[in-house]
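Asks: One structure follows; several queries about it will come next.
Numbering (my numbering), first residue to last: 33 to 146.
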């Protein structure tokens, strides 16, 4: 092989190597940008999930403070019904007492002057 042939062969291999190296750098830069975007998206998703978790905890606390459970509602209803029953029996006893008082009074005499 002569000098120009060797230089052509070496130049060809350098060109092929340069092309492969350039292609590798291009692909690597694209992969790097995709990794960065993925990391940013993952960070944003993590922040959003954390915010949603905090909001859910706040909502659960609000519901627990504001609304009553079925068992609590049932217990309150039973207490109210017992109180109403007590008032009813007291009113019944009061009417009986009033009836006794009215029955025990002497009848008023009506006089006619005439």
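All C-beta atoms in this analysis are idealised placements derived from N, C-alpha and C, irrespective of residue type, glycine included.
Model, not experiment: these values are computed from the prediction.
Confirm the yes/no value for this check: CB of residue 35, any heavy atom of the ligand MG, distance under 7 Å.
Replies: Looking at this structure, you won't find the ligand MG or any other ligand, since it has none at all.
Asks: In this structure, does DSSP put residue 99 in helix, strand or coil?
Replies: Translated into positions along the chain shown, residue 99 becomes position 67. Residue 99 falls in the coil class under three-state DSSP.
Asks: So what does DSSP say about residue 33, is it helix, strand or coil?
Replies: Locating residue 33 in the chain shown gives position 1, where the first residue counts as 1. It is coil, neither helix nor strand.
Asks: Could you tell me the alpha carbon to alpha carbon distance between residue 83 and residue 99, rounded to whole angstroms?
Replies: Within the chain shown, residue 83 is the residue found at index 51, counting from 1. Within the chain shown, residue 99 is the residue found at index 67, counting from 1. Their Cα atoms are separated by approximately 24 Å.
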